[in-house]
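Here is the structure we will look at, set down as structure tokens.
In the numbering used here, the protein residues as written are 976 to 1236.
Given below as structure tokens:
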């Protein structure tokens, strides 16, 4: 994901002007959802091309009618009520298209930012590899208080969070608006990352350091491209992920369901 308004997907695959992105169940191959895309532009970073596509339409097959329409209404109502959520700025149709994109469950990380006059840590899930290019991307709402610091410092640490730490992870969402006052104020211990020495979560399953090579504002978000310079795995366990509610409904019928935390 590169932005939410407009809803933009980035890929290192050249897929033409009007491709379709299909989401299929890995075990059965059953089609779960489709997004229709329109080519917008390309980014060239270190002689590698990244294509940007605007999501123009989409549909999923996880729920039957009329439950599908009822689920759509409930989701849109929930987004409108959550005025502080980044999804609240999206049109109802775009929210549904985004939920289809979540058919590929998204890992949740805590992003640590460390600079002489600024420190912060906050959750993100609009992240992912662009494997053919070797880059890793983050899409951060441009109103985030650390956005400009990240663009200047050009490095962050990503802590892969255990699923059982979900309540703590969600509480740290407030740091999208307010920077961290002191690392010791966090409800968990931290440890310095391998190369940059940025405080990362000591209980993380994995800590990766990202060197930022490029950043660009795309609609509502700032799109960061970088490359990992270190990757330390500390523990085994289930990492916190997000997926769509209708995806879980499908898995409850056809199994196995996702573990809820």
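Cβ coordinates follow ideal geometry from the N, Cα and C atoms, glycine included.
This one's a predicted model, so the numbers in the text were calculated from it and none came from an experiment.
*In angstroms, rounded to a whole number, what distance separates the CA positions of residue 1220 and residue 1089?*
Here residue 1220 refers to the residue found at position 245 of the chain shown. Here residue 1089 refers to the residue found at position 114 of the chain shown. If I take the Cα positions, the gap works out to 35 Å.
Under 7 Å Cβ to Cβ from residue 1232, same chain only, skipping five residues before and after it: list those, please. Against the chain shown, residue 1232 aligns to sequence position 257. These residues qualify, in order along the chain: 1223, 1226.
### Message
For residue 1150 and residue 1096, what's the separation of their Cα atoms in angstroms?
### Response
Position 175 of the chain shown, counted from the start, is the residue given in the question as residue 1150. Position 121 of the chain shown, counted from the start, is the residue given in the question as residue 1096. Residue 1150 and residue 1096: Cα-Cα distance of roughly 7 Å.
By how many angstroms is the C-alpha of residue 1047 removed from the C-alpha of residue 1041? In the chain shown, counting from the first residue as 1, residue 1041 sits at position 66. In the chain shown, counting from the first residue as 1, residue 1047 sits at position 72. In a straight line, the C-alpha of residue 1041 is about 10 Å away from that of residue 1047.
Determine contact between the stretch 1066–1075 and the stretch 1121–1128, defined as no fewer than three beta-carbon pairs at a distance below 8 Å.
no
Exercise for review: Can you give me the start and stop residues for the alpha helix (DSSP H) that residue 1141 sits inside?
Suggested key: Within the chain shown, the letter at position 166 stands for residue 1141. From DSSP, the alpha helix (DSSP H) with residue 1141 extends over 1141–1146.
(request) Give every residue of the same chain whose Cβ lies closer than 7 Å to the Cβ of residue 1079, excluding the five residues on either side of it in the sequence, and list them in chain order. (result) Locating residue 1079 in the chain shown gives position 104, counting from the first residue. Same-chain partners within the cutoff: 998.
Item to check | When 1196, 1202, 1165, 1190 are compared against residue 1273, the one with the closest alpha-carbon | outcome: Nothing in the structure corresponds to residue 1273, since the chain is present only between 976 and 1236.
- Range covered by the alpha helix (DSSP H) that runs through residue 1227: Within the chain shown, numbered from 1, the residue matching residue 1227 stands at position 252. Residues 1220–1229.
Please determine, among 1156, 1177, 1112, 1115, the residue with the shortest C-alpha to C-alpha distance to residue 1136. Looking up residue 1136 in the chain shown gives position 161. Of the listed residues, the one whose Cα sits closest to residue 1136 is 1177.
Checklist entry - What are the boundary residues of the beta strand (DSSP E) that includes residue 1131? => result Sequence index remark: in the chain shown, residue 1131 carries index 156 (1-based). Its beta strand (DSSP E) spans residues 1130–1135.
Q. How would you call residue 1163, buried or exposed, if buried means at least 16 neighbouring beta carbons within 10 angstroms?
A. What you label residue 1163 is simply residue 188 of the chain shown in a count that begins at 1. Flag for residue 1163 reads exposed.
Can residue 976 and residue 1114 be called in contact, C-beta distance under 8 Å? By one-based count along the chain shown, residue 976 stands at place 1. By one-based count along the chain shown, residue 1114 stands at place 139. Going by C-beta atoms, residue 976 is nearer than 8 Å to residue 1114.
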